[in-house]
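I have placed the structure first, in the form of structure tokens, so that the comments after it can refer back to it.
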Amino acid sequence: MKLNKDVLKKILSKLPQTHEEEIGCDDCFEELHTFAEMELEGKSPEKAMPLIKEHLDNCGECRQEYQALLEAIKVLNDK
Amino acid sequence: MINWFKRRSQSSNSYQTNEEWISALKPPPEDAAIQQLRNHLVKGLKASLYKYVDRELDNFVEDIAQDSVLKILDKYDTFRGESKFTTWAMKVAVREGYSELRKKRYNDISLEQYSSYNPDEKEAVEIEHEQAGPDQLTHESMVVQKVMKIMEEELTKKQQKVLQLLMIDQIPMTVVSEMMDSNRNAIYKLVHDARLKLKNRMEVEGMDPEEILNEM
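Sequences listed follow chains Y and Z, in order. So for the first sequence, this note's numbering puts the first residue at 148; every next one is plus one. So for the second sequence, this note's numbering puts the first residue at 102; every next one is plus one.
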């Protein structure tokens with residue numbers, strides 16, 4: 148296994164926000180539509196659903212899909 | 102039967118409320134509802150995928166919308182009504198789209214390519230030291246070697262392999278899940294467990310990740 152400086156930095160930077168209890172991608176997906184609508188309504192979903200926010204911060208793929216969902220529903224709401 | 106004909110005859114209507122959607126998608130689903138849902142997904146997908154798919158955007162989006170409609174028909178009864186139905190449906194389509202996109206981009210990579218990886222192998226630690234002086238270089242090397250040792254001692258072979266694929270080979274988690282015959286949720290949990298083990302062991306060793314980062 149080759150570990151270069153960039154990878155080491157990436158691994159280390161993930162450790163401070165690592166907690167015993169974290170939700171996975173499935174639990175995040177279950178709530179993503181609610182989280183997205185709250186965001187677009189300016190209702191601070193990160194306060195109501197901190198575990199979802201934490202997962203989105205940690206998981207690049209869920210974050211990418213969340214941002215895509217926001218873009219899609221913005222367009223759909225702009226009728 | 103009469104209700105079914107009534108529902109079919111509403112085909113020119115536009116579906117707005119969650120109740121209208123759910124009622125129209127109950128078996129047998131109304132053709133007009135499926136068409137409207139499909140159009141909706143196509144529009145949303147185009148808006149969110151155009152940055153990643155260029156020449157074949159229309160075909161790609163049509164296929165994803167088609168597959169997503171089938172998934173939605175299969176599980177629309179799990180929709181709990183906390184949002185607009187169309188937002189929930191869009192979520193399903195976005196995941197479908199991005200999963201396919203990630204696989205499409207990495208379809209040249211086969212598991213065989215990585216099967217030669219052996220976590221027991223002590224490969225040379227690579228560090229970039231373009232501007233580093235000798236002291237810095239030695240300190241960094243020591244830190245990297247210490248973390249490597251901790252990783253080898255604390256992580257399972259499977260965790261090491263997944264970290265290698267994700268962080269070093271930079272393969273998307275969706276693709277890694279397939280390579281490992283697993284799913285994204287399980288891979289995330291496996292990585293979370295690995296992070297936790299590293300964090301706890303570093304704590305025991307008196308190593309502060311933030312402090313090390315600041316020194317690098």
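Heads up, the beta-carbon is just placed ideally off N, CA and C, and yes, glycines get one too.
Q) Does P192(Y) come within less than 8 Å of chain Z when only Cβ atoms are used? A) no
Q. For E229(Z), is the classification buried or exposed, using 16 other Cβ atoms within 10 angstroms of its Cβ as the cut-off for buried?
A. Reliability fails at E229(Z), whose pLDDT of 45 lies under 50, so the model's placement of it is uncertain and the value that follows must be treated cautiously. Exposed, by the Cβ-count rule.
Q) Would I228(Z) count as contacting chain Y if we go by Cβ distances under 8 Å? A) The predicted position of I228(Z) is uncertain, since its pLDDT is 42 and thus under 50; a value taken from the coordinates is nonetheless stated next. It does; some Cβ of chain Y falls within 8 Å.
Q. Going straight from the alpha carbon of P192(Y) to that of E218(Y), what length do you get?
A. 17 Å
Q. Any beta-carbon of chain Z closer than 8 Å to the one on D173(Y)?
A. yes
Q | C-beta neighbour in chain Z for L159(Y), strict 8 Å | A | yes
Q) Alpha carbon to alpha carbon, what distance is there between L264(Z) and E169(Y)? A) 18 Å
Q.
Applying the 10 Å Cβ sphere with the 16-neighbour rule, what's the burial state of Q117(Z)?
A. exposed
Q.
Among the candidates K144(Z), S278(Z), E197(Z) and R302(Z), whose CA atom is the shortest distance from the CA of D159(Z)?
A. K144(Z)
Q: Return yes when the Cβ of S169(Z) is within less than 8 Å of the Cβ of E142(Z), no when it is not.
A: Per the sequence shown, residue 142(Z) should be read as Leu rather than Glu. Closer than 8 Å, so yes.
Q) Which of helix, strand or coil does DSSP assign to F180(Z)? A) coil
(Q) Could you check whether the Cβ of A195(Y) sits closer than 8 Å to any Cβ belonging to chain Z? (A) no
(Q) Does chain Z have any CB closer than 8 Å to the CB of L198(Y)? (A) no
Q: Would you decide whether N140(Z) is buried or exposed? Buried here means 16 or more other CB atoms lie within 10 Å of its CB.
A: exposed
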